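Enquirer:
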Amino acid sequence: MNNKELKSFLDEKVVQYNTLDFIESDPVQIPHLFSLKEDIEIAGFLSATIAWGNRKMIIKNSHKMMDMMGNSPYDFVMSHSENDLERLESFVHRTFNGQDFASFIKGLQHIYKNHGGLEAVFARHQEQHSMQKSISEFKKLFFDTSPDNYRDELGKQIEHQKRTQKHISDPMNGSAAKRINMYLRWMCRQDKKGVDLGIWKSISPALLSCPLDVHSGNVARKLGLLIRKQNDGKAVAELDLKLRELDPLDPVKYDFALFGLGVFEGF
Numbered sequence: 103m104n105n106k107e108l109k110s111f112l113d114e115k116v117v118q119y120n121t122l123d124f125i126e127s128d129p130v131q132i133p134h135l136f137s138l139k140e141d142i143e144i145a146g147f148l149s150a151t152i153a154w155g156n157r158k159m160i161i162k163n164s165h166k167m168m169d170m171m172g173n174s175p176y177d178f179v180m181s182h183s184e185n186d187l188e189r190l191e192s193f194v195h196r197t198f199n200g201q202d203f204a205s206f207i208k209g210l211q212h213i214y215k216n217h218g219g220l221e222a223v224f225a226r227h228q229e230q231h232s233m234q235k236s237i238s239e240f241k242k243l244f245f246d247t248s249p250d251n252y253r254d255e256l257g258k259q260i261e262h263q264k265r266t267q268k269h270i271s272d273p274m275n276g277s278a279a280k281r282i283n284m285y286l287r288w289m290c291r292q293d294k295k296g297v298d299l300g301i302w303k304s305i306s307p308a309l310l311s312c313p314l315d316v317h318s319g320n321v322a323r324k325l326g327l328l329i330r331k332q333n334d335g336k337a338v339a340e341l342d343l344k345l346r347e348l349d350p351l352d353p354v355k356y357d358f359a360l361f362g363l364g365v366f367e368g369f
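Throughout the sequence shown, residue numbering follows this note's numbering, covering 103 to 369 in sequence.
Spelled out as structure tokens, the structure:
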């Protein structure tokens, strides 16, 4: 296929899969449960964090996370007690456990209390053509344990296990950062079909990157959009260039096409 034929084919697949029906089998349904901006972005962040493995289990455990926070994630983040955090210890999704969950709650409280919230932090370091540096800087801030920058309401330094840091990927270290890129799609993409929520107006959808995984990567290679064999940060950058050629204003819409072709059609 030439570029015109490829764009036409992929645009048709976007129309096919970027529909409300997509929500039923995808973890994007979790932030759709809420109406308060902060609830939406926290619910989305936590469910995107555990979005690897079996999709039904991802959705089930994401609902469990919401239940454990009383289905009021922002209120829980801002006003939890130590006893509340202890009740999270039973949670587990693959390698993400209750201690990780509690550390993420503390990290989120830090972001909202001291740095203006998730949107403000991600928007702060956006570059002209990419959000990858912003993701890297977000991770540094989220796990910052320096005495000056990261203390709880009692002035006590918040600690976390080093293993917890692996649950947020860093594109500057070569990661594809699939889950964070997916989260940014949910929050920033102005979706006229009602799937992506598009509640963050300070970040242009033109800057977003495709959430590259085994499915979208394999389809992209078969279509000639991607040459690199590894699904890593360099592959994301390569795919970015191709998708921006097809639609410079909304390149990440093609995630629906690539994912749908791979997961639902076995392309």
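For each residue, glycine too, the CB sits at the ideal point set by N, CA and C. None of the values given here were measured: they were computed from a predicted structure.
So the candidates are V179, A225 and M171; which of them puts its Cα closest to the Cα of F193?
Expert: Comparing Cα positions, the closest option is M171.
Enquirer: Could you tell me which residues DSSP pairs with H195 in its beta bridges?
Expert: F198
Enquirer: Quick check: what's the CA-CA separation for Q332 versus S183?
Expert: Between the alpha carbons of Q332 and S183 lies a gap of roughly 43 Å.
Enquirer: What is the rounded straight-line gap between the Cα of A153 and the Cα of N105?
Expert: Approximately 32 Å, taken between the alpha carbons.
Enquirer: Between D357 and S306, how many whole angstroms is the CB-CB distance? I'm expecting something under 8 Å.
Expert: 16 Å between Cβ atoms; not a contact.
Enquirer: DSSP on K303, reduced to helix/strand/coil?
Expert: coil
Enquirer: Consult DSSP for R346 and reduce its assignment to one of helix, strand or coil.
Expert: helix
Enquirer: Looking only at its chain, what residues have a beta carbon closer than 6 Å to the beta carbon of S149, apart from the 5 residues adjacent to it on each side?
Expert: P129, I132 and S164
Enquirer: Can you tell me where the alpha helix (DSSP H) holding W288 begins and where it ends?
Expert: K280 to C290
Enquirer: Is it true that the CB of Q267 sits closer than 7 Å to the CB of F245?
Expert: yes
Enquirer: Tell me which same chain residues have a C-beta within less than 6 Å of the C-beta of R281, skipping the five on either side of it?
Expert: A150 and A153
Enquirer: If I measure Cβ to Cβ from L220 and keep anything under 7 Å in the same chain, skipping five residues before and after, which residues do I get?
Expert: Around L220: E143, F147 and I213.
Enquirer: Closest to D293 by C-alpha separation, out of K109, K215, V117 and M103, would be which residue?
Expert: V117
Enquirer: Which stretch, first to last residue, makes up the alpha helix (DSSP H) that contains T266?
Expert: Segment: none, T266 is in no alpha helix (DSSP H) and carries neither H nor E.
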